[in-house]
Each structure stands twice: as structure tokens, then as C-alpha cells.
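Protein chains in written order, with our numbering: chain A, 784 to 1048; chain B, 56 to 535.
Here is the structure we will look at.
Written out as C-alpha cells, the structure reads:
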């Protein structure tokens, strides 16, 4: 049972992330670098948030459990805000890198587009966030034990796995939307992402009551996914075209008069 | 003791100076006999030599053109742009080519630490760290660990200086013998112990005859692959395995505080040895440059093997090498003094040495002799080589110290997997940053300091700050 739970929960939590990485990121060196860089930025944000929480706990050291939970709430909120701040910082860093890549490229185009960087950075935030949330739980699930023997929910592992999966996907979508909003200076988009993240994190505070936390979080994931899809340029038409596997008409035309090939899109 | 170098092809003043966008991370290698600490700074210069000769062989197609003054400027600019772009293109690919083996080595070390309890069990200490850490007071423990680290680092410095002296006085046989003995010890003795412990962990019944056969085959093939020729992947795998074995020995026999202190001190030493004018590393590099030779092909992880593939064409390569070396040697003495400063921050990266040589040759005006020499270069049959096949080299000492850091983190951290992963990401980012700095500054830079610093910061921060926070959150199943 232990190994089954471990592999099952690991697959639930990281299956989509692994598939995304293997199919879209692993082949391109620049995307892998963006991935690792994003993980680093997230880690730094977590470090600062933990420092803040630690200081708060030390300061309020004599308090009873209720304020401890309140401090945890404050710590979590601070962590969310810091994560978004560092997402913005990563956006700035990637913009600078993009400029650098453009200046040294042959044809004036960067080898990686900002959208790809947004996707990779969102995915990286998601993966590292998911890993840090759930890896110790997965490691414990390998060993012997009884879940919820002290009255907690017996569904701890599976709900953790689903929450992690949702979080990974959410971070990916937030990354895409966030970068796009920053790029087009639509700051309401930024605010919406931050609010959505705070809301998600807040919903997990309801946690043994899974109907109230898991279901809304998945609804939020779905909506954010659609929003990210639209932001990235997707549409119903695109989906149909992709599903029908039709070959794209070659829309480039050779201009014989000038003996030039028009630039590729 | 790791150095990165970037190559940029430059076409200056009618002379082709070749920079190959190989990235070289030379590293100090600890060859581990019970009494050998071998820092391979000379490896780096050897590697550089090696690379330079390889570069000579892998000529850029541009070498065919002669130096005409009118075209020089445009060609220089165009080449510089191409080179910069090539550098970055190669840079990203090279970073990944380094990520993969470093990750593999760390995975092997962490997997072993987590499963085989032998490497986390306290069974005494090395003679280089004689002071125990089982003391009564914290102050005493701190003092003992400082003393241990001091002794260890002095041993390393002494060994390095010994190596420099040996190299300077051309005692090549001694150095070769030293290397062979240490790799023999690693491949046979340490792997035998490792195998035994793995069998004990999984309770596998085994007889001595089978073990002898396995270890014999493993060791002999390893010696052949590492010191002579072999399939590239096999050689890479063996180098990763011996680095992992070495790292495991360190993790087992270095007590906790000593290990962290040694890591910190060694990255400082790396920084100093690479950037200071009178460092043994630099002296080694300069000596190697003067002699224009390589020494230690066995202690470098290489990601491609193009030159080995061309083994059959030894003679044309040698001829080309000879003619090119002649060309360069002519101009070398003239620019020796001018380039003292430029070489000041050379740290044993072969690319760097390349660059220095290129810098040396660059400012020289094109003379009739040099132009004739360039035009006399035989046409390169290897110019059709795909530049993207140029590989990356990394010294094994880097592998070892990165793995020691991550392994120690996984062995002793209370945050367990979180700490291990944080250190892993930190080291990868340090590697990435070092390569980036290299591409920007185009100077020799030590690769250990940044990664180890990030790793140490992340280890202590994650273990003491992040772990309790994440623990509390996981306890209540709160997600951030």
C-alpha cells in the first residue's frame, strides 16, 4: 500500500508537470535555464517569507496556539505577496536577458520569445512550489503509518496530491497571464493574478473541509487556464484546427519579381 | 580551482586567432588515496593546452581567407558578432551539457546516502581532520572544526605547490604515476567497498569470486576508458562514478561542521588561487602555456570527443599543430610582457589561455611572415565539423564538491528533501551564473565560489528558516 500511495500521489501531483517539461522544455536549453532560474527566484522568495514568519514567531513567542495559527496566516499571505513580487522581478530579469539575446542574434530576433519565457517561468514556479509543498509528505507516504489516526482526515495524501497538481497548473497559468499583463502594462491583470493567488492560498486554510477548498480551487484553476489560453493567443478556432490535424496551408509566397522570400512570421 | 573560459573566434590583422566556444571548467581534483590530495590546477592548464591543440585541429573555415587590410575591419566585426552569438548559443547548450552530468552525480550521491546507511554512519575520521567534534561545549567543537579545516586546506595547498614544483621541473612520470595510483584506488578499492555496502543494505548474498570478477572488469575498463581511449559515454559515466565515490568518502569521513567549513574555505581558496597573481594555479598555468603542452587528460569530464574520432588522421593534425604552434610561438615572446596583466586573472581555464594567446597575437600587426604563415596553413579537412559539436569540459573536483554539499545536505538536514533540493537548485544556478559571467567578462573565473556560496546560504537558510515554516504549513495542509 505504501508504494502504491507514493507512486499514485506522485503521479497525480507531478504527472502534468513532468509531461509538460518533457514535451516542451527539455529539448531547448534556454527554456531549461529559464526553468532553473525561476526555481531559484521562487526559493529566494520563500526564504524571505520564512525569515519574516520566523521573526514574527520569535517576537510573539509566548502566545497560545490561536495566534500561532494567525501568524501562520500572516506568513502565508506574506509568502504569496513575495512570490508575486519575485515573479515580477524575474520578469524584469528575463526582459533584460531578452534584450541581450536580441542584440547578439543574427536576425534580430531572440531565440526564445517572451511568451515561451513566461510559460517556462510559470512552470518553474509551479514545479518548485509543488515540490516544496509535497515532497516530504510523499517521502513519508512510502513508509509505514496510518493516516489520520488522531482524528484528521484519512484522505490527506490524495488531497495533497490533487492540491499540488492544481497549484502547479495554476502557477503556470499565472506566469503566462502575469508576464502578458506586465508586457502590455495592464496592471489590473497583475492585481487579478495576485488576488487569485491569495484566494487560492486562503482556500487551503479551510482544508480538512475539502468540498470548500478543493472544488473552488479546481474551478479557479480551470478559469485561470482559460484566461491564460486566451492571453497566449489561443481560441476555439485554434483548438479545432489542432484537433483536426489539418496541414497548414503554406501562406508564404515567393516574390519572384524581387527575388526575395518574405520574412517568416 | 574551476575555471571557465569562453572562446571567440577573432580575425584580427590578417591573422586568424581562433577561439573555440568550448567552455572549460578546470577543477582541482582530489585524487583520493589515503594520503593524496591532488589539486589539479595543472590539469586546467593542461586542459587548456589540450583544448588549444584541439582548436588548432578544428579550424574555422575562416582560416582560409588571407588578411587584406580593407576587409579586416568588416570581417572582424562580423566575426565578433558571429562569435558573440555563437558564444551565447553555445553557452546555453554548454550550460545544459554541464547540468546533466552534475545532476547525475548528485543523484547518485543522494540516492546512495538515502539508502546505504554506511555512508552516514560515523566510523572515525580521516587523518587530515584529527580533531573530533564530539566535544562537550559548542566552543570546543567550533575550535576543533576550524583546526580541522585549517589542516585540510593546508594539505591541499601543500599538494598543489608540490604539483607545481613537480610540473616545473618536468617530473611528468611522477605526476602520471600519482594519477594512475589514485584512479586505481578509486576504481578498485573504493568501488569494492561501495559494492559491498550496497549488497549489505539489500541483503544480497554474494560470493567472492563473482565480486572479484565484477570489480576486476569494472576497474580495468575504467582505467582504460579514463586514461586511454574508450567510448565517450562510458568515459563520462566512469568519471561521474569516481566523482560520486570520492564525494561519498568525503561525506562519510568529514564531520559536520568541518565539512561546511572546508567547503567554504575551499571556495575562497579557489577564488584566491585563480585571481591572485602569485597563486600556484596561475603559476602552473603560465608554465603550461610557456611549454605549450597538456598534461592530464584523465581528470576532465568531456562532453564530446571529436578529436578522438579523428585519431586515424594523426599525422595531418600533428603537422597542422606544428605549423600553427610555430606561428604562435614566434609571436609569443614579443607579447609576453604586454600580456602579463591580461594573464593576471587567468585561472587555469583552457579557454582563457586561448584568449590570452589570442589577445597576445591580436595587437600584433600583420607582418609578411605571419601572413605567409597563415596562408601556408594547410587547408583544413576538418573545417566541415559542425561547431555545435564542440564540447564542454569540467574538472572532476567541481563534481566532487558540489556532490559533497548536496550529499551532506541530504544526510544531515532536518528539512530533508526540501534542503537537498534547495541546495541542488542553488548549485545549478551558481554554475549558470558563472558561465554567464564568463561570457560577459571573458576572463578566467573560478566556478566553485558562486555555487558553493549559494549552496551554503540555501542550506543553512532552508534548514533553519524554511523547514519549520513548510513543516507547519504541511501539518495543517495549508498551501502557499
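Glycine is no exception: its CB is placed at the ideal position from the N, C-alpha and C atoms.
By how many angstroms is the C-alpha of residue j removed from the C-alpha of residue i?
i                      : j                     : result
residue 158 (chain B)  : residue 801 (chain A) : 17 Å
residue 919 (chain A)  : residue 465 (chain B) : 12 Å
residue 253 (chain B)  : residue 853 (chain A) : 47 Å
residue 267 (chain B)  : residue 250 (chain B) : 11 Å
residue 962 (chain A)  : residue 905 (chain A) : 9 Å
residue 217 (chain B)  : residue 359 (chain B) : 31 Å
residue 1019 (chain A) : residue 861 (chain A) : 38 Å
residue 873 (chain A)  : residue 279 (chain B) : 47 Å
residue 175 (chain B)  : residue 169 (chain B) : 9 Å
residue 543 (chain B)  : residue 287 (chain B) : Any property of residue 543 (chain B) remains undetermined from this structure, which presents chain B solely from 56 to 535.
residue 449 (chain B)  : residue 485 (chain B) : 14 Å
residue 908 (chain A)  : residue 819 (chain A) : 9 Å
residue 866 (chain A)  : residue 837 (chain A) : 17 Å
residue 91 (chain B)   : residue 529 (chain B) : Confidence in residue 91 (chain B) is poor, its pLDDT being 35 and thus under 50, which makes the residue's placement too unreliable to answer from.
residue 534 (chain B)  : residue 357 (chain B) : 43 Å
residue 793 (chain A)  : residue 950 (chain A) : 14 Å
residue 939 (chain A)  : residue 917 (chain A) : 11 Å
residue 196 (chain B)  : residue 973 (chain A) : 51 Å
residue 453 (chain B)  : residue 525 (chain B) : 31 Å
Is any beta-carbon of chain A found at less than 7 Å from that of residue i?
i                     : result
residue 511 (chain B) : no
residue 227 (chain B) : no
residue 514 (chain B) : no
residue 201 (chain B) : no
residue 494 (chain B) : no
residue 169 (chain B) : no
residue 507 (chain B) : no
residue 521 (chain B) : yes
residue 290 (chain B) : no
residue 148 (chain B) : yes
residue 533 (chain B) : yes
residue 321 (chain B) : no
residue 524 (chain B) : yes
residue 297 (chain B) : no
Go ahead and label residue i buried or exposed: buried means 16 or more other beta carbons lie within 10 angstroms of its beta carbon, across all protein chains shown.
i                      : result
residue 284 (chain B)  : exposed
residue 473 (chain B)  : buried
residue 261 (chain B)  : exposed
residue 1009 (chain A) : exposed
residue 463 (chain B)  : buried
residue 43 (chain B)   : In the structure as shown, chain B begins at 56 and stops at 535. Residue 43 (chain B) is therefore absent and cannot be evaluated.
Within 7 Å of any Cβ in chain B, is that where the Cβ of residue i sits?
i                      : result
residue 962 (chain A)  : no
residue 959 (chain A)  : no
residue 1003 (chain A) : no
residue 904 (chain A)  : no
residue 895 (chain A)  : no
residue 877 (chain A)  : no
residue 918 (chain A)  : yes
residue 915 (chain A)  : yes
residue 901 (chain A)  : no
residue 922 (chain A)  : yes
residue 833 (chain A)  : yes
residue 946 (chain A)  : yes
Below 8 Å CB to CB, which residues in the same chain sit around residue i once its five sequence neighbours on both sides are set aside?
i                     : result
residue 892 (chain A) : 885
For residue i, which residues from the same chain have a beta carbon less than 6 Å from its beta carbon, with the 5 sequence-adjacent residues on both sides left out?
i                     : result
residue 328 (chain B) : 334, 336
residue 839 (chain A) : 854
residue 761 (chain A) : What the structure shows of chain A is the stretch from 784 to 1048, and residue 761 (chain A) is not part of that stretch, so it cannot be assessed.
residue 203 (chain B) : 184, 186, 313
residue 297 (chain B) : 241
residue 521 (chain B) : none
Would you say residue i reaches chain C, if we count a Cβ-Cβ gap shorter than 7 Å as a contact?
i                      : result
residue 1021 (chain A) : The displayed structure is made up of protein chains A and B, and chain C is not among them.
Who are the near neighbours of residue i in its chain, counting only those whose CB is closer than 7 Å to its CB and skipping five residues on each side?
i                     : result
residue 259 (chain B) : none
residue 983 (chain A) : 953, 1000, 1003
residue 945 (chain A) : 795, 997
residue 326 (chain B) : 501, 504
residue 947 (chain A) : 796, 913, 916, 917
Quick one, which residues of the segment 796 to 823 of chain A are near chain B if we go by CB-CB under 8 Å, in chain order? So the list reads 812, 813, 815, 816, 819, 820, 822, 823, given in the order they occur along the chain.
Residues of the segment 448 to 473 of chain B with a CB closer than 9 Å to any CB of chain A: list them in chain order, please. For the segment 448 to 473 of chain B, which is checked against every Cβ of chain A, the residues closer than 9 Å are 470, 471, 472, 473.
In chain order, what residues of the segment 982 to 995 of chain A put their CB closer than 7 Å to some CB of chain B? Of all residues in the segment 982 to 995 of chain A, those with a C-beta nearer than 7 Å to a C-beta of chain B are 984, 987, 988, 990, reading in chain order.
Positions along the segment 932 to 943 of chain A whose CB lies within less than 9 Å of some CB in chain B: So the close ones are 935, 936, 939, 942, 943.
What residues from the segment 836 to 869 of chain A come within 7 Å of chain B, judged by C-beta to C-beta, listed N to C? Listed by position along the chain: 836, 837, 855, 858, 859, 862, 863.
Output, in sequence order along the chain, the residues in the segment 471 to 490 of chain B whose CB is closer than 8 Å to any CB in chain A. Within the segment 471 to 490 of chain B, the residues whose Cβ lies closer than 8 Å to any Cβ of chain A are, in chain order, 471, 472, 473, 476, 477, 480, 481, 483, 484, 487.
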